[in-house]
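Chains as they are written, first to last, in the working numbering: chain S, 67 to 359; chain A, 102 to 444.
Cβ coordinates follow ideal geometry from the N, Cα and C atoms, glycine included.
Below is one structure, written out as C-alpha cells; the observations come after it.
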Amino acid sequence: MASVAQRRSPGLIFFSTALIVFWLMIATGPFIWTVWGSFKVQGDFFSKTDWRYALYGVRTITETGDAFTGNGYFGAWIQQEFWRNAFNTVIVVTFTVIISLTMGTLGGYALARSGFRYAFWLLMAALVFRAMPHITLVSGYLLPFFEWNLWGHLPTTIIVLVAINQPFTLWMLHSFFLNIPKDMDESALVDGCTRLQAFRHVIIPVMWPGVITTGLFSFLLAYNDFAVTSVLLSQENQTMVPKIASFLGTVRQQGQVMFAVAAVVSAMVPLFFLVLFFQRQIVSGLTTGAVKG
Amino acid sequence: MKHKTFFWFILPSLAAMLLFIAMPLVSVAIQSLFVEHDQVLIEVENCTPFKCESSVAVDQEATAALREERPLGQFNALGTYTNRSHLAFAEVREAWNASGSLYDFGAQLMNLPFYKALAFTITYTAVVTPFVIVLGLAIALGVNALPQLVKGPTIFCSLLPMIVTPLIGSLILFWMVDADGILGAALQRIFDDDQLSLKASHSLTWIMLIVYGIWHSAPFSFIVFYAGLQTVPQETLEAAQIDGATRWQRVRYVVVPYMTPLVVFITLMQLMDNFRVFEPIVGFSASAKATSLSWIIFNDLRGGDIQLFGSAAATSLLTILGVVVLLMPVLIRTWQEFGRKVV
C-alpha cells in the first residue's frame with residue numbers, strides 16, 4: 067500500500083495531523099472541561115482570577131476541604147429532584163423507541179416491497195414531513211390538546227414524538243429492507259405463508275441490525291428533543307432537557323449555576339456510553355441512503 | 102405486495118403521520134386566521150360619599166367565559182399575517198418610503214421581529230451549511246490518512262458534538278465563552294477590556310451561534326464523507342497518479358467528483374436542520390440579539406402570560422412556506438427523475 071509514490075510530503079503530514087489534533091481539541095475539549103469543572107465550586111469553574119483555579123480547585127479546597135466536590139450533583143439530583151426528570155426521560159424514551167420501531171418496521175417493510183406508485187409518493191411526503199420544524203407542529207397541537215385535556219401528560223408526548231419520528235424511521239428501515247433479498251420472503255409466500263407469516267418467520271430474524279441502528283436514532287431524537295417536551299409537558303412531568311432549560315432561570319438567581327452544570331453533565335453521560343458501544347451502528351446509520359445515493 | 106396487505110402494514114405509521122403531522126398543519130392554518138379575544142370591558146360606578154365616578158374595568162368572569170366558549174378566539178382573516186409582528190406590510194412600506202438608502206432600509210427592517218428572525222435564520226443556514234461541508238471533508242481526508250489504530254478513537258471523539266443534545270452542547274459552549282468562563286475571561290485578558298462580552302454585540306452573538314452550528318454539524322458531514330472515501334476506487338486514483346497528477350489534483354479531480362452525490366445529500370439534510378435552528382438561542386440566552394423563526398414561535402407559545410396561538414400559527418405557516426421553498430429544487434428534481442422512470 068505505502069509505495070514510495072504514495073508517501074506524503076512531511077509538510078502535508080504535518081498539516082493534516084495538525085488539523086485533526088485541532089479538531090479533536092475543539093470536539094472534545096469543552097466536554098472534558100465541563101465534566102472536570104462540574105466537580106468544583108462555582109468560584110473555580112467560573113473563575114475571574116485565574117483559569118487554573120478550575121484545574122486545581124483552589125476555592126473548592128477552601129470551601130469544602132477537598133479538591134473535588136459532589137455538591138452540584140447533590141443539589142441537582144436530590145434538592146432539585148432531578149431524578150424525577152431522569153425517570154420521566156426513561157419512560158418517554160423507552161416507549162418512543164419501542165412504538166416507533168414497531169410501526170416503522172411494518173411500514174418500512176411494506177414500502178420496500180410495494181412497487182406501486184403510491185409507495186413512492188408516501189416516501190416523498192415523509193421527506194417533506196421530515197423537513198417540518200418541530201415547533202411549527204407543536205403550535206398546531208397546543209390548542210386542541212388544551213381543549214381535550216391531553217396537555218401535560220407523558221403518553222401524549224410519547225405519541226407525538228413517535229409521529230414526528232415516523233418519517234425518518236420509515237426512510238431508514240425502507241432502505242434497509244431493500245437490502246434484504248426479495249427472494250427470501252417471496253419463497254416463503256410460494257410455500258403458502260401469508261404476508262404476515264413471511265414477515266414474522268423470515269424477515270424478523272434477519273432485520274435486527276437495521277432495527278438497532280434505526281432504534282439508536284429514534285432514541286437520540288426522543289432524548290435530545292427540546293421543542294416538543296418543553297411545550298407539551300407540564301412542570302411535574304418534565305423530562306431532563308426542558309428541566310435543564312428551566313434550571314437556567316432559577317439557579318442563576320440563587321447563585322447555584324453548578325446545579326445546572328451537574329445536571330448537564332448527568333444528561334450527557336448516557337449519550338457518551340451510547341457512542342462508546344454503538345459507534346459502528348451510528349456511523350452506518352448516518353451513511354445509509356447517503357452512500358447508496 | 103397486494104394493495105390490501107400494503108394498507109394494513111402501513112396503517113399504523115400512516116395514521117400517526119396523518120394525525121400528528123398532517124392534521125397539525127391544518128390546525129395551524131385555521132388557528133392563524135383567528136386572534137385572541139379582547140378583554141371584556143364593563144363600566145363600573147364607584148360612588149364615594151361626595152360624588153359618583155364611572156370607570157372602565159376588565160370583566161374577568163366574562164372574559165374567561167368568552168375564552169372558554171370560543172377558545173379559538175375571534176376571526177381575524179389574514180390580519181395576523183400583516184400585523185407588525187409578522188409581515189408588517191404597513192411598516193415595511195413606511196420604512197421604504199422613509200429610508201434614504203438600502204442599508205438604512207435594512208436596518209429598519211431589523212427592528213421588525215419577523216424580519217429579524219428571518220434574517221438570522223437565513224444567515225445561519227447559508228453560512229453554516231457550506232462551512233460544515235468543507236470542514237467535514239477536510240477532517241475526513243485527514244482521518245483517512247491516519248494509522249488504523251487511532252482511527253476508531255478519533256471517530257469516537259468526533260461524534261460527540263453531534264450526538265450531544267443541542268441544548269446541552271450550546272450550554273457547555275456558553276459557559277466557556279460567558280464573561281466568567283475560561284474562553285470569555287481569556288478574551289477579556291487578550292483585548293484588555295473588562296467589559297468585553299460576546300453577548301453584548303449583535304455580530305459577536307451571531308458569530309458565536311454560527312460557530313456553535315458548525316461545531317455541532319461538522320461531525321455529520323465528516324462521517325458521511327469518511328464513509329464515502331472508503332468507496333473511492335483505488336484503481337482510478339492510481340491511474341491518475343501514473344498520469345502524473347499531484348496529490349491536490351487527485352483530490353480535486355478524482356475524490357471530489359466521487360463525493361458530489363454526498364454533497365447533495367449533506368446539503369439537503371443541513372438545510373432542513375439548520376433552518377429550524379432553535380435550541381442554541383435558548384442555550385446561549387441570545388434572544389436579545391438573535392432570534393430565529395422557530396424561536397419566535399416558541400416565544401409566542403411559552404413566553405408571555407397569554408399564549409398567542411394565532412400569532413404562533415401565522416409564523417409557523419410562514420416558516421413551513423420557507424421550508425417548501427427550500428426543498429423545492431429537490432422535489433422538482435425527484436419529480437423529473439420519477440417521470441423519466443415511468444416513461
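Asked                                                                                                                                                                                   : Found
When we look at the beta-carbon of K358(S) and count the other beta-carbons within 10 Å, is it buried (16 or more) or exposed?                                                          : Residue placement at K358(S) is flagged as unreliable, the pLDDT there being 45, under the threshold of 50; a coordinate-derived value is accordingly withheld.
May I ask you to verify whether the stretch 302-314 of chain S touches the stretch 151-171 of chain S, counting CB pairs closer than 8 Å and requiring at least 3?                      : yes
Please confirm whether S128(A) has its beta-carbon closer than 8 Å to some beta-carbon of chain S.                                                                                      : yes
Please report how far the alpha carbon of T392(A) lies from the alpha carbon of F107(A), in whole angstroms.                                                                            : 44 Å
Helix, strand or coil for L193(S) per DSSP?                                                                                                                                             : helix
Does the beta-carbon of M91(S) have 16 or more other beta-carbons within 10 angstroms, so that it is buried, or is it exposed?                                                          : exposed
Strictly by DSSP, which residues pair up with L143(A)?                                                                                                                                  : According to the sequence displayed, residue 143(A) carries Ile and not Leu. A158(A).
Roughly how many angstroms lie between the CA atoms of V444(A) and F182(S), to the nearest whole one?                                                                                   : Residue placement at V444(A) cannot be trusted, given a pLDDT of 47 that sits under 50; what the coordinates show is reported in the next sentence. Going by the C-alpha atoms only, they are around 15 Å apart.
If we ignore side chains and look at the alpha-carbon of each, how far apart do A328(S) and I273(A) end up?                                                                             : 11 Å
Can you list the alpha helix (DSSP H) stretches of 4 or more residues lying completely in the stretch 330-365 of chain A, in chain order?                                               : 335-343 and 348-351
Kindly indicate the opening and closing residues of the alpha helix (DSSP H) around P221(S).                                                                                            : L220 to L244
Can you find the residues in the same chain that come closer than 6 Å, C-beta to C-beta, to F344(S), ignoring five residues on each side of it along the sequence?                      : L282
Suppose contacts are defined by Cβ-Cβ distances below 8 Å. Is L262(S) in contact with G174(S) by that definition?                                                                       : no
Examine chain S for any beta-carbon lying closer than 8 Å to the beta-carbon of G345(A), and answer yes or no.                                                                          : no
Per DSSP, what are the beta-bridge partners of V136(A) in this structure?                                                                                                               : Q175(A)
Closest to P125(A) by CA distance: which of Y184(S), L203(S) and P96(S) is it?                                                                                                          : L203(S)
Leaving aside the five residues before and after I270(S) along the sequence, list all residues of the same chain whose C-beta is less than 7 Å from its C-beta, in chain order.         : none
Would you check if the stretch 141-159 of chain A and the stretch 188-203 of chain S touch, i.e. whether three or more CB-CB distances between them fall below 8 Å?                     : no
When DSSP labels each residue in this structure, what does L216(S) get in the three-state scheme?                                                                                       : coil
By the criterion of Cβ-Cβ separation under 8 Å, what are the contact partners of K114(S) in chain A?                                                                                    : D281 and A286
Which of the three DSSP states, helix, strand or coil, is assigned to L284(A)?                                                                                                          : helix
Once DSSP output is grouped into helix, strand and coil, what is the label at L314(S)?                                                                                                  : helix
Counting C-beta neighbours from all protein chains within 10 Å, is the total for W396(A) 16 or more, i.e. buried, or is it exposed?                                                     : buried
To the nearest angstrom, report how far apart I283(A) and I240(A) are at their CA atoms.                                                                                                : 26 Å
For F206(A), which residues of its own chain have a beta-carbon under 8 Å away from its beta-carbon, when the five flanking residues on both sides are left out?                        : A196, W197 and S200
State the start and end residues of the unbroken alpha helix (DSSP H) segment that holds N212(A).                                                                                       : Unbroken run through N212(A): none, as it is neither H nor E.
Please report the distance separating the alpha-carbon of I348(S) from that of L209(S).                                                                                                 : 37 Å
Does any C-beta atom of chain S lie closer than 8 Å to the C-beta of A220(A)?                                                                                                           : no
Which of the three DSSP states, helix, strand or coil, is assigned to C259(S)?                                                                                                          : coil
Below 9 Å on C-beta distance, what does H200(S) contact in chain A?                                                                                                                     : R377, F379 and S395
Here's the rule: buried if 16 or more other CB atoms are within 10 angstroms of the residue's CB, otherwise exposed. What is Q108(S)?                                                   : buried
Below 8 Å on C-beta distance, what does I225(S) contact in chain A?                                                                                                                     : A117 and F121
Excluding the five sequence neighbours on either side, which residues of its own chain have a C-beta within less than 6 Å of the C-beta of F242(S), listed in chain order?              : G276
Would you call the stretch 305-322 of chain A and the stretch 252-262 of chain A touching, i.e. three or more CB-CB distances under 8 Å?                                                : yes
Taking contact to mean 3 or more Cβ pairs, one atom from each stretch, closer than 8 Å, check whether the stretch 308-317 of chain A and the stretch 217-233 of chain A are in contact. : yes
Between the beta-carbon of L372(A) and the beta-carbon of R351(A), is there less than 8 Å?                                                                                              : no
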